Amino acid sequence: MTEPMIEVQNFRKVYGAYTAVNNISFTVYRGEIFGLLGPNGAGKTSTLESLEGLRPSDGGTLRVAGVDPATEPRRLRNVIGVQLQSGGLPTSITADEAMKLFCAYHGVVPRFDLLDRLGLKEKRHVEYQGLSTGQQRRLALALAVAHEPAVLFLDEPTAGLDVASRVELHNLMHELKARGTSIILATHDMAEAEEMSDRVAILLQGRLVAVDTPLAITATGAGLTKVSVNTRSAFLLNNHHTFPAVSQTQVRDDYAIYFSINIGQTVAALINTIEAEGDTLLDLRVERPSLEDRFLELTNGGTK
Amino acid sequence: MTAFASHFAFEFRTGIRNKNLLLLNYLFPLGLYVMMSLIMPGINPLFQDTIIPSMITFGILASALLGLPDPLVQAREAGIFRSFKINGIPALNILLIPALSTILHILVVAAVITVTAPIFFDAPLPVNLPVFVLIVLGTAVSLSGLGILIGVVSPNSRLTVLYSQAIFLPSMIIGGVMLPYSMLPPVAAKVALLLPATYAMNAFNGLAMDGTAVFYAWGSVLTLFVGGLMAFLVAWYLFQWDSQNAGRGGHPALALLAFVPYAAWLLIV
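If you're matching them up, the sequences are chains A and B in order.
Numbering follows numbering that gives the first Met the number 0, with no gaps: position 101 of the first sequence is 100.
Numbering follows numbering that gives the first Met the number 0, with no gaps: position 32 of the second sequence is 31.
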């Protein structure tokens with residue numbers, strides 16, 4: 000995972016007086032799933048559309064699998080696959096026809112097996128307008144990967160999908176990654192980004208405020224680790240014990256919940272206290288701050 | 000199957016599968032053909048002599064001006080062109096293939112009218128079939144070019160209807176379909192020269208049916224092809240991938256260039 004597949008250097012995108020993307024740089028490597036996160040208006044769409052060759056850049060350099068999206072559209076079309084967020088297909092086209100049409104333009108054999116795999120076996124002859132939102136999204140994904148692109152852009156890929164389809168999509172993403180496909184995942188679903196991405200970039204007001212692994216990003220925040228404890232006698236619920244490094248305490252159902260800035264100190268003290276009281280530990284859960292917590296922290300706190 | 004053939008096959012099927020297009024390509028032209036052929040000869044006996052060219056021209060007007068533009072506008076608004084661009088579908092194909100598939104629908108309707116009109120309505124057959132087919136093609140090319148151009152420059156579906164009707168209705172009234180060009184008052188005759196239907200009917204009468212052209216008939220045929228090609232080229236130049244239809248290369252008013260071949264006749268006739 001060292002070969003750069005997407006190179007963004009000092010990229011800018013402006014619309015009149017409004018700067019949508021201001022001098023951002025990042026690299027996505029072969030076989031990497033790269034999450035692109037940001038609130039609405041952060042510049043995600045402008046960045047993606049410029050990489051996809053839909054909009055010209057207003058500064059900096061862009062390379063997708065070595066191709067300049069602005070000047071080499073013919074080469075670009077065969078190295079990228081794009082699952083658009085909405086629509087993108089004529090209402091009267093069937094799944095089979097769409098697969099034939101898109102594969103014909105890419106010069107590859109139609110991949111009807113992908114339709115079957117993504118749960119569209121029974122819907123192959125149904126018009127696009129007759130498919131549910133989830134089925135439309137799965138069809139868009141099948142079309143995006145049918146020509147085996149080196150770089151895949153997924154925009155909110157699991158929006159509207161049921162649990163089974165979501166799992167199937169994630170499996171497919173892992174398979175593509177294993178085969179060396181680089182995937183840019185633009186999503187508002189932080190849990191998905193955290194679970195699927197090797198690295199994530201957080202865009203805010205056109206600037207890149209973080210680029211790292213989800214773990215590293217969550218570790219750099221001021222977020223507190225949540226420690227939930229349940230004991231047989233539930234003495235922790237009634238006694239106001241104090242524990243080191245705990246800044247906040249809550250009680251929910253049978254659990255005493257502590258928010259700690261030093262998980263080691265807090266958990267050690269908790270276990271010692273439970274033993275000293277002669278109680279039995281039934282359950283202890285430690286939850287690190289999530290990517291969503293860190294994202295909210297960044298977006299609420301601005302770029303400072 | 001090549002990409003072009005696959006795309007063409009899909010577009011052609013859409014012309015039948017889509018209820019609106021089925022109506023405009025087949026049901027409306029053929030329905031009106033039957034109705035007019037039953038009623039009009041009783042009112043205007045001369046109409047019987049021109050049932051075939053008149054009703055074919057009407058069919059072309061319906062398919063090309065009412066059927067072609069709106070799907071283009073809707074596709075652009077729905078972001079379909081963006082998806083096509085990403086997948087390497089060229090702008091030329093996006094414009095050319097719907098036009099060609101519409102022309103094929105037109106030829107089917109023209110064949111039905113040409114075969115049935117003599118049998119059921121005692122209409123005279125064309126006296127020169129190859130030239131007749133050439134004029135049908137020229138008319139289809141001319142009006143399909145305008146239909147595509149309307150689809151490209153129209154900012155939304157509501158204005159598409161307006162632009163289409165601005166050519167369709169005058170074509171029906173003063174384009175030689177209902178009334179012969181020779182019967183038009185001078186001002187209406189001048190306006191009629193801006194309409195492809197006028198050239199179609201003049202060419203049909205002068206070259207393919209047993210009638211008389213009011214002005215140079217082969218010039219009319221040439222005008223139809225040149226006008227259609229010009230409209231298509233202007234449409235190609237003004238084409239926008241963007242769903243907002245913003246930031247095009249040229250001003251939409253350039254679309255008026257497509258009428259130059261027709262307007263040139265104002266200096267001659």
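Note that CB positions come from ideal geometry on N, CA and C, so glycine has one too.
Remember, predicted model here, so these are calculated numbers, not experimental data.
Exercise. What first and last residue would you give for the beta strand (DSSP E) that runs through A:Met4?
Worked result: Note, A:Met4: beta strand (DSSP E), Pro3 to Tyr14.
For this session: Could you tell me whether the segment 23 to 36 of chain B touches the segment 46 to 65 of chain B, using the rule of 3 or more Cβ pairs below 8 Å?
Result: yes
For this session: Reducing DSSP to helix, strand and coil, say where B:Ala234 ends up.
Result: Correct three-state label for B:Ala234: helix.
Problem set entry | Any chain B beta carbon closer than 7 Å to A:Ser91 | yes
Exercise. Are B:His104 and B:Ser170 touching if we call contact CB-CB under 7 Å?
Worked result: no
Problem set entry | Members of the segment 87 to 119 of chain A near chain B, C-beta cut-off 7 Å | Gly87, Leu88, Pro89, Ser91, Ile92, Glu96, Lys99, Leu100, Phe101, Ala103, Tyr104 and His105
Problem set entry | Minimum Cβ-Cβ distance from B:Phe9 to chain A less than 7 Å | yes
Exercise. Is it true that the CB of B:Leu253 sits closer than 7 Å to the CB of B:Val233?
Worked result: yes
For this session: Determine the burial state of B:Lys18: buried for a count of at least 16 other Cβ atoms within 10 Å of its Cβ, exposed for fewer.
Result: exposed
Problem set entry | Close-in-space but distant-in-sequence residues of the same chain around A:Phe25 (CB under 6 Å, 5 per side omitted) | Counting only Cβ-Cβ distances below 6 Å, and skipping sequence neighbours, we find Val7, Ala200 and Val210.
Problem set entry | Rounded straight-line distance, which links the Cα of B:Pro28 to that of B:Val108 | 8 Å
Exercise. Taking the alpha carbon of A:Gln135 as the point to measure from, which residue in A:Glu147, A:Leu151 and A:Thr157 has its own alpha carbon closest?
Worked result: A:Thr157
For this session: Can you pull the chain E residues whose beta carbon is under 7 Å from the beta carbon of B:Asn17, in chain order?
Result: Within the model displayed, chain E is absent; protein chains A and B are what it includes.
Exercise. Across which residues does DSSP place A:Ile201 in a beta bridge pair?
Worked result: Bridge partners of A:Ile201: A:Leu36 and A:Ala209.
Exercise. For the alpha helix (DSSP H) that contains B:Gln73, what are its first and last residues?
Worked result: Pro68 to Glu76
For this session: Select from A:Val226, A:Asp253 and A:Phe234 the residue whose C-alpha is nearest the C-alpha of A:Val304.
Result: Nothing in the structure corresponds to residue 304 of chain A, since chain A is present only between 0 and 303.
Exercise. Can you find a C-beta in chain B that's less than 7 Å from the C-beta of A:Leu83?
Worked result: yes
Problem set entry | Whole-angstrom distance between A:Ala139 and B:Phe3, CA atom to CA atom | 21 Å
Problem set entry | Reduced DSSP category for A:Ile273 - H, G, I as helix; E, B as strand; rest coil | helix
Exercise. If the cut is a Cβ gap below 8 Å, which residues of chain A does B:Asn24 touch?
Worked result: Those within 8 Å of B:Asn24 in chain A number zero; the least Cβ separation is about 14 Å.
Exercise. Under the DSSP definition of a beta bridge, which residues are partnered with A:Arg284?
Worked result: Beta-bridge pairing links A:Arg284 to A:Ser227.
Problem set entry | Within 8 Å of chain B by C-beta, residues of the segment 32 to 55 of chain A in sequence order | Glu51, Gly52 and Leu53
For this session: Please compile the residues from chain A whose C-beta is within a distance smaller than 7 Å of the C-beta of B:Ala74.
Result: Pro89
For this session: Could you check if A:Arg54 is buried or exposed, using at least 16 other CB atoms within 10 Å of its CB as the buried criterion?
Result: buried
Exercise. Where does the unbroken beta strand (DSSP E) through A:Ser24 begin, and where does it stop?
Worked result: Tyr17 to Tyr28
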